[in-house]
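First up is the structure itself, then whatever we jot down about it.
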Amino acid sequence: MAKYKQRIADRIIERKIMGKGAVLIEGPKWCGKTTTAKQLAKSTLDLGDSSTLIQSKQMIELSPGTLLEGATPRLIDEWQALPTIWDTIRSEVDRRGEPSQFILTGSSVLPNANETIHSGTGRFAYVKMRTMSLYESGESTGSVSLTDLFEGKPFGVMHNKIDLEELAFLTCRGGWPWATLIPRTVALDQAFDYTDSVVQRDIIRVDNTNRNPERTRLLLRSYARNISQQVSYSTIRKDMLSNDSSTLSEDTVADYVKALKRLFVIEDLEAWNPNIRSKAAIRTTSTRHFVDPSIGTAILRLGPKDLLNDLQSFGLFFEDLVVRDLRVYAEALDGELYHYRDSSGLECDAVLHRHNGSYALLEVKIGGEERINEGAANLISLANTIDTDKMQKPSFMAVIIGVGNFAYQRKDGVYVIPIGCLKD
3 MAKYKQRIAD RIIERKIMGK GAVLIEGPKW CGKTTTAKQL AKSTLDLGDS
53 STLIQSKQMI ELSPGTLLEG ATPRLIDEWQ ALPTIWDTIR SEVDRRGEPS
103 QFILTGSSVL PNANETIHSG TGRFAYVKMR TMSLYESGES TGSVSLTDLF
153 EGKPFGVMHN KIDLEELAFL TCRGGWPWAT LIPRTVALDQ AFDYTDSVVQ
203 RDIIRVDNTN RNPERTRLLL RSYARNISQQ VSYSTIRKDM LSNDSSTLSE
253 DTVADYVKAL KRLFVIEDLE AWNPNIRSKA AIRTTSTRHF VDPSIGTAIL
303 RLGPKDLLND LQSFGLFFED LVVRDLRVYA EALDGELYHY RDSSGLECDA
353 VLHRHNGSYA LLEVKIGGEE RINEGAANLI SLANTIDTDK MQKPSFMAVI
403 IGVGNFAYQR KDGVYVIPIG CLKD
């Protein structure tokens with residue numbers, strides 16, 4: 003059996019379950035939710051197993067409490083396959099009146115409100131898992147800590163071991179846990195299998211709507227072509243229409259996107275809305291992102307060599323990878339990730355804003371001194387527009403790069419950090 007690779011979510015789940023009767027772990031399938039949950043669980047009800055599900059559907063009508071009997075924390079795996087068990091768990095949490103009773107996992111978001119009696123507020127804690135960051139999978143050295151930077155602890159010069167060819171492979175492989183454990187020659191297949199499953203089966207199962215697999219594929223391909231960019235549904239619709247002979251409305255595009263978000267395939271980056279001195283209007287269009295960069299490369303049938311032959315596209319997929327990692331790290335830092343863009347053209351690829359009000363401004367560049375200088379200039383310009391009478395100044399600013407030998411701090415105070423050195 004392969005050795006379990008520690009996840010950042012381990013610490014979050016362990017803390018959450020100490021304060022609530024139940025914890026719900028959500029995220030894309032194959033991202034490791036069940037394996038992670040089993041590190042804490044003492045017993046399991048696997049509703050992803052068809053025979054167990056059939057029996058459980060009968061038992062939920064006759065003796066629902068029986069399904070919850072077992073050593074605690076009890077794992078209810080793929081709970082959304084039996085939505086009515088939610089209220090049974092909620093009632094049991096109330097009855098027992100103790101924390102650490104249940105861990106639930108799910109590969110799609112909560113069902114519609116009319117399928118459950120109670121939301122679970124006060125009884126359930128929520129944890130979102132994603133695919134592995136480079137630090138979790140072992141590719142990042144973790145020599146630069148975001149936590150330390152937020153606490154004002156600088157670092158000396160650190161070495162980066164990831165080169166351009168390796169970065170292309172890691173982008174296409176993605177952070178699927180199983181792919182990090184198998185030979186490189188077959189690791190790329192994981193993302194291809196995932197996208198095929200989404201297109202052929204999951205898009206229909208998510209809410210029992212008979213969506214067109216080919217249209218789903220066209221939407222994913224359009225998203226991949228517009229990855230890391232602020233494009234509207236109208237633009238995506240036009241891109242799809244060039245390959246879709248039937249009529250297609252924006253409402254249809256929105257419906258497919260909603261379904262893919264429920265499956266945790268798509269995870270757009272929302273706009274940051276700070277207090278600024280400038281009169282420039284803040285743009286609110288989200289940046290288009292997948293939960294893992296390999297989804298985009300796989301749906302376009304691209305491999306590492308294809309990225310190396312098209313560095314412009316590579317840069318956009320690299321930004322998708324960085325956003326994935328930063329989101330994983332943000333969870334550990336009790337924060338969220340945003341992007342910034344205003345009518346003057348000023349942009350910031352990522353803003354890590356913590357719930358305590360502190361934040362970091364981050365630009366993403368695949369590499370090159372000219373691009374690093376450009377990113378640093380953008381960060382300083384944005385920092386200078388922030389009204390520090392109404393909000394804090396940034397804790398730090400950094401250009402996150404893909405290729406470069408070192409992590410270091412520039413004379414202007416901006417950090418340059420290879421993604422292969424970063425951790426939470």
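Here my numbering is used: the first residue of the sequence shown is 3, the next is one more, and so on. Don't be surprised by glycine CBs; every beta carbon is placed ideally from N, CA and C.
Please state the DSSP three-state secondary structure of residue i.
i      : result
Cys2   : The question about residue 2 has no answer here: the residues shown for the chain are numbered 3 through 426.
Asp51  : coil
Tyr331 : helix
Arg356 : strand
Ile229 : coil
Lys240 : helix
Glu100 : coil
Ile14  : helix
Thr143 : coil
Ala127 : strand
Leu313 : helix
Leu318 : helix
Lys40  : helix
Arg132 : coil
Leu348 : coil
Tyr6   : coil
Output the distance between the C-alpha atoms of residue i and residue j, rounded to the nearest integer angstrom.
i      : j      : result
Asn277 : Asp344 : 12 Å
Gly369 : Gly404 : 6 Å
Leu47  : Arg76  : 8 Å
Tyr331 : Lys155 : 17 Å
Leu318 : Ser139 : 22 Å
Phe266 : Gly29  : 6 Å
Asp12  : Glu333 : 11 Å
Leu324 : Ser230 : Here the sequence assigns Val to residue 324, which means Leu is not the residue at that position. Their Cα atoms are separated by approximately 10 Å.
Pro85  : Leu243 : 36 Å
Asp426 : Leu328 : 8 Å
Gln394 : Arg98  : 44 Å
Ala58  : Leu339 : Reading the sequence as shown, one finds Ser at residue 58 and not Ala. Approximately 39 Å, taken between the alpha carbons.
Leu363 : Ile19  : 32 Å
Glu252 : Ser236 : 6 Å
Glu249 : Arg239 : Correcting the residue type first, residue 249 is Thr in the shown sequence and not Glu. Rounded to whole angstroms, Thr249 to Arg239 spans 10 Å at the Cα level.
Gly337 : Pro306 : 32 Å
Arg373 : Gly406 : 12 Å
Leu354 : Leu381 : 13 Å
Met61  : Leu26  : 22 Å
Ser37  : Thr74  : Contrary to the premise, residue 37 reads as Thr rather than Ser in this sequence. Straight-line Cα distance between these residues: approximately 16 Å.
Asp414 : Asn375 : 10 Å
Phe171 : Asp308 : 10 Å
Asp191 : Arg132 : 19 Å
Val233 : Val401 : 23 Å
Ile419 : Ser397 : 15 Å
Thr182 : Arg279 : 46 Å
Trp180 : Trp32  : 8 Å
Lys7   : Gly177 : 12 Å
Arg9   : Ile284 : 36 Å
Phe408 : Asp51  : 48 Å
Arg326 : Glu269 : 9 Å
Ser360 : Val416 : 17 Å
Asp241 : Arg17  : 45 Å
Thr390 : Arg290 : 30 Å
Gln103 : Leu55  : 21 Å
Does residue i come within less than 9 Å of chain B when only Cβ atoms are used?
i      : result
Ile403 : Included in the structure is just one protein chain, with no chain B present.
My guess is that residue i and residue j are in contact by the Cβ rule of under 8 Å, so how many angstroms apart are they, rounded?
i      : j      : result
Leu335 : Phe152 : 7 Å
Glu80  : Ser53  : At roughly 14 Å, the Cβ-Cβ gap does not stay under 8 Å, so Glu80 and Ser53 are not in contact.
Cys174 : Leu304 : 7 Å
Gly21  : Glu100 : Actually they are not in contact, since the Cβ atoms of Gly21 and Glu100 sit about 11 Å apart, beyond 8 Å.
Val357 : Trp274 : With the sequence shown as reference, residue 357 is identified as His, and Val is not the correct amino acid for it. Not confirmed; about 14 Å, so no contact.
Val255 : Leu221 : 7 Å
Lys35  : Thr107 : 4 Å
Any chance the CB of residue i is under 8 Å from a heavy atom of the ligand ATP?
i      : result
Asp253 : No copy of the ligand ATP occurs in the structure displayed, which carries no ligand at all.
Quiz item: If you scan the stretch 365 to 390 from start to end, which runs of the beta strand (DSSP E) of 3 or more residues do you find wholly inside it?
Solution: Here no run is fully enclosed.
Quiz item: How about the stretch 59 to 72 and the stretch 87 to 99: do they share at least three Cβ pairs that are nearer than 8 Å?
Solution: Using a C-beta cut-off of 8 Å, the stretch 59 to 72 makes contact with the stretch 87 to 99, since at least three inter-stretch Cβ pairs fall below that distance.
Self-check item: Segment contact flag, the stretch 253 to 269 with the stretch 219 to 239, C-beta cutoff 8 Å, min 3 pairs
Solution: Enough Cβ pairs lie closer than 8 Å, so yes.
Quiz item: Are three or more beta carbon pairs between the stretch 339 to 359 and the stretch 192 to 204 nearer than 8 Å?
Solution: These segments do not touch.
Practice problem: Count the C-beta pairs between the stretch 156 to 173 and the stretch 286 to 294 that are closer than 8 Å, then say yes if the count reaches three, no if not. | Solution: Taking 8 Å as the limit for Cβ pairs, the verdict is that the stretch 286 to 294 does not touch the stretch 156 to 173.
Practice problem: With a floor of 4 residues, list each alpha helix (DSSP H) that falls wholly inside the stretch 246 to 311, ordered by position along the chain. | Solution: The qualifying runs are 252 to 264, 295 to 301, 306 to 310.
Self-check item: Residue ranges of each alpha helix (DSSP H) within the stretch 147 to 230, 4 or longer
Solution: Runs of the alpha helix (DSSP H) inside the stretch 147 to 230: 148 to 152, 166 to 175, 186 to 189, 191 to 199, 215 to 227.
Quiz item: What runs of the beta strand (DSSP E), each 3 residues or longer, lie entirely inside the stretch 392 to 423?
Solution: Within the stretch 392 to 423, the complete beta strand (DSSP E) runs of at least 3 residues are 398 to 403, 408 to 411, 417 to 420.
Quiz item: Where are the alpha helix (DSSP H) runs, 4 residues long or more, that stay fully inside the stretch 45 to 97, in chain order?
Solution: As far as the stretch 45 to 97 is concerned, its whole alpha helix (DSSP H) runs of at least 4 residues are 52 to 64.
Quiz item: Is there contact between the stretch 126 to 142 and the stretch 382 to 393, where contact requires at least three CB pairs shorter than 8 Å?
Solution: Segments in contact, no.
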